[in-house]
Amino acid sequence: MFDTFILPVIIFAVIGVLAGILLTVASKIFEVKVDERIESISDALPQANCGACGFAGCSDYADAVVNKGAASNMCKPGGIPVAEKIAEIMGVNALSVTPEVAVVHCNGNCNATSKKFEYDGVKSCAAANRFYSGDGLCTYGCIGLGDCADVCSENAISIKNGIACIDKSKCVACGKCVKACPNSLISIRPVTKHIDVKCSSADNGKMTKAFCKNGCIGCKICERKCINDAIHVIDFHAVIDYSKCTGCGICFEACPIGAIDNCEPIK
10 MFDTFILPVI IFAVIGVLAG ILLTVASKIF EVKVDERIES ISDALPQANC
60 GACGFAGCSD YADAVVNKGA ASNMCKPGGI PVAEKIAEIM GVNALSVTPE
110 VAVVHCNGNC NATSKKFEYD GVKSCAAANR FYSGDGLCTY GCIGLGDCAD
160 VCSENAISIK NGIACIDKSK CVACGKCVKA CPNSLISIRP VTKHIDVKCS
210 SADNGKMTKA FCKNGCIGCK ICERKCINDA IHVIDFHAVI DYSKCTGCGI
260 CFEACPIGAI DNCEPIK
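Each residue of the sequence shown is one higher than the one before, starting from 10 at the first, in the numbering used here.
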């Protein structure tokens with residue numbers, strides 16, 4: 010009886026106790042100490058994991074701040090409050106944060122352009138783009154099926170009159186929409202740089218005009234008028250260098266097509 014039932018139980022119990030002791034000792038010996046500041050910074054971040062800071066996610070950015078000297082103001086969705094909180098945790102002075110916003114470089118709405126066929130496939134810009142570059146006459150324009158809106162966690166993007174429109178008061182410049190757009194029509198810019206070219210067509214002026222009434226024809230009038238050398242025609246459409254643009258609005262007033270937009274900065 011003892012040898013058959015009780016002794017095996019005792020042996021297994023002793024082995025279990027010893028294994029537990031060994032595991033406890035091993036966990037102490039090989040314990041990886043984590044800086045509490047990493048957890049505190051991670052908790053302060055919005056957990057958007059958008060990658061706008063240049064790191065893989067919020068946890069990776071928190072680790073980079075503590076262990077790699079990353080700046081405290083790199084979280085775009087968090088803005089000023091998060092930057093100040095990170096600076097407080099790290100015991101350093103808060104760095105300035107330049108608010109940014111996403112911009113759609115297309116104004117090819119339903120009143121300005123038309124479709125070359127009726128697309129009845131998967132309601133996705135990426136899917137439609139693989140099918141003859143979308144259903145629009147302009148293959149460079151907004152496809153309008155809302156891939157950007159689907160990834161926006163702030164509900165800042167909606168499809169209006171056939172194109173994506175961004176509510177600048179809601180946008181946190183996370184950049185998810187930039188990655189989602191198959192035609193690379195969305196960029197991030199400082200909110201104070203309120204002049205935008207609303208066209209990305211790489212067709213020549215004659216073709217662009219035939220496809221879209223609102224398209225940039227590459228006439229270079231804006232380029233010649235700009236006193237800051239901030240706008241140039243590249244690939245048949247105007248492109249603004251926001252590092253030089255002062256928002257004077259001369260190019261906006263000079264554009265004969267109305268392809269340049271002048272949005273007032275967000276207050």
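For each residue, glycine too, the CB sits at the ideal point set by N, CA and C.
Look up residue i in the DSSP assignment and give the residues it is bridged to.
{"i": "H246", "result": "I243"}
{"i": "S196", "result": "V112"}
{"i": "A173", "result": "I168"}
{"i": "V206", "result": "I269"}
{"i": "C257", "result": "DSSP output for C257 lists no bridge partner at all."}
{"i": "C221", "result": "T122"}
{"i": "G145", "result": "K124"}
Within 10 angstroms of the Cβ of residue i, are there 16 or more other Cβ atoms? Answer buried if so, exposed if not.
{"i": "S196", "result": "buried"}
{"i": "A22", "result": "exposed"}
{"i": "A92", "result": "buried"}
{"i": "G258", "result": "exposed"}
{"i": "D205", "result": "buried"}
{"i": "K253", "result": "exposed"}
{"i": "E45", "result": "exposed"}
{"i": "L1", "result": "The structure shown has nothing for residue 1, since the chain only spans 10 to 276."}
{"i": "D241", "result": "The sequence shown places His at residue 241, rather than the Asp named in the question. Burial call: exposed."}
Using the Cα positions of residue i and residue j, report the straight-line distance between them to the nearest angstrom.
{"i": "F220", "j": "A57", "result": "38 Å"}
{"i": "I98", "j": "K179", "result": "27 Å"}
{"i": "C294", "j": "K207", "result": "The displayed coordinates of the chain run from 10 to 276. Any statement about residue 294 would go beyond what the structure contains."}
{"i": "D159", "j": "A182", "result": "15 Å"}
{"i": "A268", "j": "K94", "result": "41 Å"}
{"i": "G256", "j": "R198", "result": "13 Å"}
{"i": "A137", "j": "L194", "result": "15 Å"}
{"i": "G155", "j": "D270", "result": "22 Å"}
{"i": "S133", "j": "H246", "result": "26 Å"}
{"i": "I19", "j": "A28", "result": "14 Å"}
{"i": "C218", "j": "G100", "result": "Note that residue 218 corresponds to Lys in the displayed sequence, not to Cys. About 57 Å."}
{"i": "A165", "j": "E127", "result": "28 Å"}
{"i": "K202", "j": "Y251", "result": "7 Å"}
Is any heavy atom in the ligand MN found nearer than 7 Å to the beta carbon of residue i?
{"i": "K169", "result": "Absence of the ligand MN from the depicted structure is noted, as is the absence of any ligand whatsoever, leaving it without description."}
How about the region 210-229 and the region 166-181: do they share at least three Cβ pairs that are nearer than 8 Å?
-> Under the 8 Å Cβ criterion, the region 210-229 does not count as touching the region 166-181, having fewer than three qualifying pairs.
Considering only residues of the region 59-97, which uninterrupted alpha helix (DSSP H) runs meet the minimum length of 4 residues and lie entirely inside it, listed in chain order?
-> If we require 4 residues or more, the alpha helix (DSSP H) runs fully inside the region 59-97 come out as 67-76.
contact_flag[the region 77-84, the region 47-66] where n(CB pairs < 8 Å) is 3 or more | Result yes; three or more Cβ-Cβ pairs closer than 8 Å.
Using 8 Å as the threshold, is the region 139-151 in touch with the region 210-220, meaning 3 or more CB pairs across them?
-> The answer is yes - the region 210-220 touches the region 139-151, with three or more Cβ pairs under 8 Å.
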